[in-house]
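Those letters in the sequence shown? Residues 1 to 202, per UniProt numbering, in order. Think of the CB as a built atom: it goes at the ideal place given N, C-alpha and C, for glycine as much as any other residue. Working notes, beginning with the structure itself.
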Amino acid sequence: MEKAIHSFVESLCQFDSTISNHPIQNPYEKENCRYNLENYLLHVAKHGSGIMLVGEAPGYRGCQLTGIPFTDEKQLISPDNYFGLGKWKRHPDTSDTSEISANVIWEGLRNTKIIPLMWNAFPFHPYKAGNIRSNRKPTKAEIDFGLQQLQILCEMFNIDSSNIYAIGRTAQKQLKLNDDHYIRHPANGGKQKCLAMIERLV
1 MEKAIHSFVE SLCQFDSTIS NHPIQNPYEK ENCRYNLENY LLHVAKHGSG IMLVGEAPGY
61 RGCQLTGIPF TDEKQLISPD NYFGLGKWKR HPDTSDTSEI SANVIWEGLR NTKIIPLMWN
121 AFPFHPYKAG NIRSNRKPTK AEIDFGLQQL QILCEMFNID SSNIYAIGRT AQKQLKLNDD
181 HYIRHPANGG KQKCLAMIER LV
């Protein structure tokens, strides 16, 4: 399993950006992001719940900096989250940022002590031309590529389709999941519904 995880993480930094005509940041070109993701995946392989939470794509204040979906630097370095991330030496980026979605998702995980495999329908940060500190919706070509990577992870971690949950309507549509596998996105006033839906996973 360790070799498979290492190979998967390393393969992410070799992404062929020609699949898209839109600007993309690949967090896994950075050594610290590969290191963080690999250690997180190793922890999930040993202690995971068998549940997968899938978002749309990395945000510029969260996964783009840490390499771990739904995890900003604040959540990455918090000892309260070691149950879900693992106890290993942190390699945060230099900007010390916080993301609302990451804060809410990790609050829900701490409340339930669920250790899910967290991922994104598109694993890289899509942004608007000329503004790297922005987020945009992934294109169909980007999602097609992303779903291939998601399938690799599902097979690697033996994640059954009945245990995959989308965070937000956009991710739900991208994954073609029914409402039983939908969790309200925490943005735009969705915090309490998001927390309640995560609690139902216990």
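Residue range of the unbroken alpha helix (DSSP H) whose run includes residue i
| i | result |
| --- | --- |
| Ala141 | Lys140 to Phe157 |
| Tyr82 | Tyr82 to Leu85 |
| Ile100 | Ile100 to Thr112 |
Neighbourhood of residue i by C-beta distance below 7 Å, restricted to the same chain and skipping five residues each side
| i | result |
| --- | --- |
| Glu38 | Ile5, His6 and Val9 |
| Cys33 | Pro27, Thr66 and Gly67 |
Residue span of the beta strand (DSSP E) that contains residue i, given as start and end
| i | result |
| --- | --- |
| Tyr165 | Ile164 to Ile167 |
| Asn32 | Unbroken run through Asn32 is the alpha helix (DSSP H), Glu31 to His47; no beta strand (DSSP E). |
| Asn178 | Looking at the DSSP string, Asn178 is not in any beta strand (DSSP E), and its letter there is neither H nor E. |
| Met118 | Leu117 to Asn120 |
| Val202 | Neither: Val202 is in no beta strand (DSSP E) and is coded neither H nor E. |
| Gly55 | Met52 to Gly55 |
Straight-line gap, residue i to residue j (C-alpha atoms, nearest Å)
| i | j | result |
| --- | --- | --- |
| Pro69 | Gly55 | 8 Å |
| Met156 | Arg133 | 33 Å |
| Asn188 | His43 | 31 Å |
| Ile24 | Gln172 | 22 Å |
| Cys63 | Asn81 | 15 Å |
| Leu85 | Gly168 | 22 Å |
| Ile114 | Glu99 | 20 Å |
Residue-level contact to chain B via CB, residue i, 8 Å cutoff
| i | result |
| --- | --- |
| Glu29 | No chain B is present in this structure, which holds just one protein chain. |
Exposure of residue i, with buried meaning 16 or more beta-carbon neighbours within 10 Å
| i | result |
| --- | --- |
| Ser11 | exposed |
| Met52 | buried |
| Ile19 | exposed |
| Asn111 | exposed |
| Arg184 | buried |
| residue 204 | A query on residue 204 cannot be resolved here, the shown segment of the chain reaching from 1 to 202 and no further. |
| His47 | exposed |
Close beta carbons around residue i, own chain, < 8 Å, minus the five adjacent residues each side
| i | result |
| --- | --- |
| Leu147 | Ala121, Gln174 and Leu175 |
Cut-off 6 Å between Cβ atoms - residues of its own chain near residue i, not counting five sequence neighbours on either side
| i | result |
| --- | --- |
| Met1 | Ala45 |
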